[in-house]
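Sequential numbering of the sequence shown, starting at 492, is according to the numbering used here.
Virtual Cβ for every residue (Gly too), placed ideally from N, Cα, C.
These notes are about the structure you will find just below.
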Amino acid sequence: VFDTVLQWLIEDTPGHVINFSRGFPWSKTSTMRQSSPLYSIHNARTPTLIHVGARDERVPAAHSRGLYRALKDYLRVPAELVIYPGEGHGLRKRSHRHAKMLWDIAWFDHYVLKKTRKRSKHTD
């Protein structure tokens, strides 16, 4: 969840957000702002890999798109966004889970372990 007000507006279980914030966005503006990463994203420096299902109703992909845009386009923090077509809140297709695992390994190899990739003869 990147913005709790957006979450309140679009998620499939609005009662959860009401219970979490103990009120509505218009009556709990301070709580909503404090619980939204959107308002402190300017402090972000960590390279971020985002995976989301295109049909996630629990935490809709709009959050991921906003996070990605803030990091990559405005803050120049290394970020990648992977949206899995047809997937909801959790990856059900084996091929998507496999792709995510490979993507995660490559990301950690690069940003955590600082491994450099060996170029094959066939790579430009």
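Residue range of the alpha helix (DSSP H) that includes residue i
i      : result
THR539 : Counting along the chain, THR539 falls outside any alpha helix (DSSP H), though it belongs to the beta strand (DSSP E) covering 539 to 544.
THR495 : 495 to 501
Separation of residue j from residue i, as counted between CA atoms
i      : j      : result
GLN525 : VAL573 : 27 angstroms
LEU500 : VAL492 : 12 angstroms
LEU562 : SER527 : 15 angstroms
SER512 : ASP600 : 38 angstroms
MET592 : LEU582 : 11 angstroms
LYS606 : THR537 : 17 angstroms
Proximity of residue i and residue j at Cβ, strictly below 9 angstroms
i      : j      : result
GLY579 : GLU548 : yes
VAL543 : HIS554 : yes
LEU558 : TRP598 : no
TYR602 : ALA590 : no
ALA535 : VAL496 : no
THR504 : GLY514 : no
Local Cβ density within 10 Å of residue i, reported as buried at 16 or more and exposed below that
i      : result
LYS519 : buried
ALA570 : buried
PHE494 : Note that residue 494 corresponds to Asp in the displayed sequence, not to Phe. ASP494 should be labelled buried.
VAL529 : Per the sequence presented here, residue 529 reads as Leu, with Val not at that position. LEU529 should be labelled buried.
Which runs of the beta strand (DSSP E) spanning at least 3 residues fall entirely within the region 504 to 585, listed in chain order?
539 to 544 and 570 to 575
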